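Residue numbers (the numbering used here): 5 to 208.
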Ligand code: HEC
Ligand code: HEC
């Protein structure tokens, strides 16, 4: 029970004290699942490295307020302040660690690629490598995590944001599984250039 005690010591610092360093909070509260640089160390857990800081901070606030459900109890403790949340988000967003390669099914990847360019590319742009303030970066994301989240959306456990609901319309569970394989198969730092466009036109 060392960790909770340490965490309590960190988080219950006297009022007016400087905010705890993000690296210290991460070591105590996050690293055993997300790693110190955002590479997940546990199955079905998202990689956080290189993710948009705005999305990370927004999600942490939603976990903290209960607006987004989490499988992790007390995922973002109430004692974390808004500025500590911002600092944690920035730490992971700035991490240049590389997401590990995963095993994916080539047939699903090919099918998922076509579906992705049809349905998801507008918001999760450039094979998921580019997001915006709301929509997260998703390339090379943990496959099991993608599957769990996609299912959470389709089962209504996680709320669709903006027009994402329309993009899922009439897609079967197999279609969505194929898209997850495609996203998981992509290279985190591959720069999409002319080559990618050509590949897109080929439909492969
Ligand atoms: C026991 C393992 C565990 C610990 C500890 C943990 N997380 Fe998580 N985290 C998860 C899992 C699993 C998810 C997938 C969503 C869920 O909760 O169902 C997740 C999701 C997230 C997400 C959303 C990512 C996305 O792509 O939507 C953020 C942000 C996050 N965690 C931040 C943190 C931070 C910051 C800490 C430390 C204060 C932390 N987590 C501690 C397991 C953990
Ligand atoms: C209109 C924009 C839009 C479109 C189109 C869209 N999404 Fe999203 N997506 C979002 C936003 C915004 C979020 C963040 C939701 C939140 O904050 O909870 C998101 C989140 C997700 C997540 C959660 C990632 C994580 O790490 O937790 C998955 C998975 C996802 N989208 C899959 C898809 C798939 C698959 C498609 C295509 C079938 C798609 N999205 C199309 C906007 C979009």
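C-beta atoms are modelled at their ideal positions from N, C-alpha and C, and glycine is treated no differently. From a predicted model like this one, the values you see are computed outputs, not experimental measurements.
Residue 92 sits close to residue 26, with the two beta carbons spaced by under 8 Å. Between the C-alpha atoms of residue 30 and residue 181 there is a straight-line separation of about 31 Å. Excluding sequence positions up to five before and after residue 79, its CB lies within less than 7 Å of the CB of 67, all in the same chain and listed in chain order.
For residue 129, DSSP records a beta bridge to 134. Each residue's CA atom was taken as its position, placing residue 143 and residue 54 some 10 Å apart.
About 5 Å separates the Cβ atoms of residue 43 and residue 101, confirming a contact at the 8 Å cut-off. Judged by DSSP in its simplified three-state form, residue 53 adopts coil rather than helix or strand. Placement of the Cβ of residue 123 at a distance of 7 Å or more from every heavy atom of ligand 1 is found. In this structure, residue 49 lies away from residue 34, with their beta-carbon atoms at least 8 Å apart.
By the beta-carbon neighbour count (other beta carbons within 10 angstroms, threshold 16), residue 184 is buried.
Remark: the C-beta of residue 166 is outside contact range of ligand 1, defined as less than 7 Å to any heavy atom.
Within the chosen limit of 7 Å, ligand 2 reaches the beta carbon of residue 183 through at least one heavy atom. Rounded to the nearest whole angstrom, the C-alpha separation of residue 61 and residue 114 is 33 Å. Sorting 103, 107, 110, 148 by C-alpha distance to the C-alpha of residue 133 places 103 at the top. One thing to note: residue 165 has its Cβ within 8 Å of the Cβ of residue 138. Residue burial annotation: residue 189 is buried, with at least 16 other C-beta atoms found within 10 angstroms of its C-beta.
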